[in-house]
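Colleague: Sharing a structure with you now.
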Amino acid sequence: MSDERVSPANLDYREARRWSRFLKRFLRSRNVMAGAVVLGAVITLVLLAAQISPYEPTQQFRRHRLQPPNAEFLLGTDNLGRDILTRILYGGRVSLQVGIVSVAIGATLGTLLGLIAGYIGGWTDVLIMRFIDMMLAFPGILLALVIIAVLGRNLQNVMIAVGLSSIPVYTRVVRGSTLSVKQFDFIIAAGALGASSGRIMARHILPNVLAPIIVVATNGVAGAIISGAALSFLGLGQQPPDPEWGLMLNEGRDYIRAAAWVTTYPGLAIMITVLSINLLGDGLRDILDPRLKL
Amino acid sequence: MSKYLTGRLLQTVPTVFLVTVAVFLMLHLTPGDPAEVFLGDKRSSPELLEKVREDMGLNRPLHVQYLSYMGNALRGDLGRSLQTNVPVMDQILNRLPWTIELAAAALMIAAFIGISVGIIAALYHNTIIDTLAMALALVGISMPVYWSSLLLILLFAVQLRILPAIGQGGIERLILPALALALVSAGSLARMVRSSMLEVLNQDFVLTARSKGISERLVVIRHVLRNALIPVVTILGLMLGNMLSGAVITETIFARLGIGQKYVEAVLQKDFTMVQGTTLFIALMYVFVNIVVDIVYAFIDPRIRYV
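For the record, the sequence lines run as chains A and B. So the first sequence is numbered by the working numbering: it starts at 1 and just counts up by one. So the second sequence is numbered by the working numbering: it starts at 1001 and just counts up by one.
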């Protein structure tokens, strides 16, 4: 939702009621609140990594390799004697960043394509949708892998790859909603008054298709965190020695028999984060757009 | 029906064309010269580089290269690996059975768990059983496959020592990777089956069936399940796609020499012809599976019409 909507000054009565109804349902839903609280805690901890973490993320305590959790190292140490808690906190910054940046890329481009395809229609629509079909022929993480193969492997390309490969979801959802919004009288009126296509799409259609975009994007962050960590896990994203949750899981893999905590905790961090985002996303879907099934 | 079939097949033509063009261009969009990758560390003379380029046909116009690539691909020739010089198609066919075995096992496990949990949740709608089932489904969806794989190894191979952690061949080496791969899909399947069941349970014909006095068991089996499971078929194709791409990760973790593991290896080694060939193969296979699923769907649900 744009800022002008939130500031009370430009809210008209009906708008205000809609918002308060939304807030009330938001606060009343146990799932949404649980998700929001846990996610809030995760974000706070990760942002304060530099303040609260006891050590440096790449600091090695050579005499304390593969220590089980203890008072000195709360979640234990890895094979190089690095503090796992510290690395999880710093690594979380990367994972959350990957989640948010790639969703921003995918949602922006996908929405744009969906608006154009839905509103302009005709051959433009056909061309865009065939292109989307082509992207959908590369299932799951495969498209991201292809993009990484072309661009080269590093963290920045992970965000681009995960972002680009999420375009089809947004395009499909936005195109569908645009097609139905397009039929309304106020759109026809805006056209009759001489508003340009660009203006109609940006000012009149976009606000009315925001709800499904928000729902898809919220769950999209969870998916992007999983994919981003998967790529780093495979050695295609974050490179050592810097921490990242997927990379930490991969580094701990060889020590799983002797030191399970090296893999257990980063995995737990991913799951808690993803779970809280999914709770939030599912709740938002129920509130904003009950018909949307994903 | 025949109109639907033609429509569906025609719709696939541009998709397949675009897929082949995209996969073909991949090699050319990649920074770095395939000829240089092929020669590798052998510090090559410009003459040698030029010769390899000529051999690989890289000096010809793009559309000629595309046509010859596709012509060869249609004859089952996807070029040779830049790393090992083995024909790409041989590698794919060598490894495909392991991936198919894994994906099929995972699909069966996912269908079994997902459908049963979904049905139970719907039948006990709004009770603690429903809540628990949906909480489980959410956890399943939120579990990255690499994490569930490692947990399964930790539990069954390290703690209980009842199943081997890595390798392939034999059912005991299939259980863990298939289970790991199945969990995510089982979660989303359970949710889908549940909501589909609830929708059908609210319909008039179910009320009619009940009012005729037949047992609840028969109502569910004969009237509800039959209708509720129809939409589930459509996502089976989608799930197979998830399985194929998930295999990239499970095969790497469980050291199974399938297509997915080869794929990651090829990306890491910049073996572009291998990446290109495998991508094309998987994408076309996926498109084909989805056509089959759509056609099956149209047969079991006569309401579907091509629009």
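Every residue gets a Cβ at the ideal spot worked out from N, C-alpha and C, and that includes glycine.
1) In chain order, which continuous runs of the alpha helix (DSSP H) of length 4 or greater are located wholly inside the stretch 97 to 150 of chain A?
2) On a CA-only basis, which of T1234/B, K1270/B and L1257/B is nearest L151/A? Give me that one, please.
3) For L1048/B, count neighbouring Cβ atoms within 10 angstroms of its own Cβ and tell me buried if that reaches 16, exposed if not.
4) Helix, strand or coil: which one does DSSP assign to R1008/B?
5) Considering only the alpha carbon of each residue, which of L1102/B, A1022/B and S1142/B lies closest to I270/A?
6) Give me the subset of the stretch 1127 to 1153 of chain B whose CB atoms are less than 9 angstroms from a CB atom of chain A, sorted by chain position.
7) Which residues mark the beginning and the end of the alpha helix (DSSP H) in which M201/A is found?
8) Which residues in the same chain as K293/A place their Cβ atom closer than 6 angstroms to its Cβ, once the five residues preceding and following it in sequence are excluded?
9) Out of A50/A, A36/A, G81/A and R63/A, point me to the one whose CA is closest to P241/A's CA.
10) Could you give the DSSP three-state label for P1087/B: helix, strand or coil?
11) Is D133/A near the ligand HEM, judged by its Cβ being under 7 angstroms from some heavy atom?
12) Anyone know if the C-beta pair for L1176/B and F1254/B falls short of 8 angstroms?
13) Please list, in chain order, all residues of the same chain as V1267/B whose beta carbon is under 7 angstroms from its beta carbon, the five residues on each side excluded.
14) Taking DSSP as the reference, what is the three-state secondary structure of T77/A?
15) Could you tell me the alpha carbon to alpha carbon distance between I214/A and D1294/B, rounded to whole angstroms?
16) Count the C-beta pairs between the stretch 251 to 265 of chain A and the stretch 118 to 132 of chain A that are closer than 8 angstroms, then say yes if the count reaches three, no if not.
17) Report yes or no: do the stretch 192 to 206 of chain A and the stretch 131 to 150 of chain A share at least 3 C-beta pairs separated by less than 8 angstroms?
18) With three or more C-beta pairs closer than 8 angstroms as the rule, is the stretch 52 to 61 of chain A touching the stretch 225 to 232 of chain A?
19) Would you tell me roughly how many angstroms separate the C-alpha atoms of Q1261/B and G140/A, rounded to the nearest one?
20) Taking only the alpha-carbon atoms, compute the straight-line gap between P8/A and A16/A and give it to the nearest angstrom.
21) Can T77/A and G118/A be called in contact, C-beta distance under 8 angstroms?
22) Using Cβ-Cβ distances below 8 angstroms, what residues of the stretch 212 to 235 of chain A are close to chain B?
23) Is any beta-carbon of chain B found at less than 8 angstroms from that of V42/A?
24) Counting only beta-carbon separations shorter than 8 angstroms, does Y1066/B have a partner in chain A?
25) Tell me where the alpha helix (DSSP H) around M1197/B begins and ends.
26) Note down, in chain order, each residue of its chain lying with its Cβ closer than 6 angstroms to the Cβ of G969/B, except the 5 sequence neighbours on either side.
27) Would you say D133/A reaches chain B, if we count a Cβ-Cβ gap shorter than 8 angstroms as a contact?
28) Using a Cβ-Cβ cut-off of 8 angstroms (strictly less than) and excluding sequence neighbours within five positions of L1102/B, which residues of its own chain qualify?
29) Rank V146/A, V209/A, S20/A and N70/A by C-alpha distance to the C-alpha of L115/A and give the top, closest one.
30) Quick one: grab the DSSP three-state call for R1210/B.
31) Any beta carbon of chain A sitting closer than 8 angstroms to that of I1282/B?
32) Can you give me the C-alpha to C-alpha distance between I1119/B and G246/A, rounded to a whole angstrom?
Modeller: Taking the structure as given:
1) 122 to 136
2) When each option's Cα is compared against that of L151/A, the closest is K1270/B.
3) exposed
4) helix
5) S1142/B
6) Residues passing the 9 angstroms Cβ filter: L1138, V1139, I1141, S1142, M1143, P1144, V1145, Y1146, W1147, S1148, L1150, L1151 and I1153.
7) Where M201/A is concerned, there is no enclosing alpha helix (DSSP H), given that its DSSP letter is neither H nor E.
8) Any answer about K293/A is weak, because its pLDDT of 46 lies below 50 and its placement is not dependable; what the coordinates show is given next. There are no such residues.
9) G81/A
10) strand
11) Ligands in the displayed structure: none, and consequently the ligand HEM is not present.
12) yes
13) V1275
14) strand
15) 30 angstroms
16) no
17) no
18) No: the two stretches stay apart, fewer than three of their Cβ pairs being nearer than 8 angstroms.
19) 15 angstroms
20) Only weak support exists for where P8/A lies, its pLDDT of 48 falling under 50; the value from the coordinates is given anyway. C-alpha separation (whole angstroms): 8 angstroms.
21) Result no, Cβ atoms of T77/A and G118/A do not sit closer than 8 angstroms.
22) A222, I226, A229, A230, F233, L234 and G235
23) no
24) no
25) For M1197/B, the uninterrupted alpha helix (DSSP H) run begins and ends at I1175 to L1201, by DSSP.
26) Only positions 1001 to 1307 of chain B appear in the structure, and residue 969/B is not among them; the question remains open.
27) yes
28) L1174, P1177, A1178, L1181, M1243, A1247, T1250, E1251, R1256 and G1258
29) Put simply, of V146/A, V209/A, S20/A and N70/A the residue whose alpha carbon is nearest the alpha carbon of L115/A is V209/A.
30) helix
31) Taking Cβ atoms only, chain A reaches closer than 8 angstroms to I1282/B, which makes this a yes.
32) 34 angstroms
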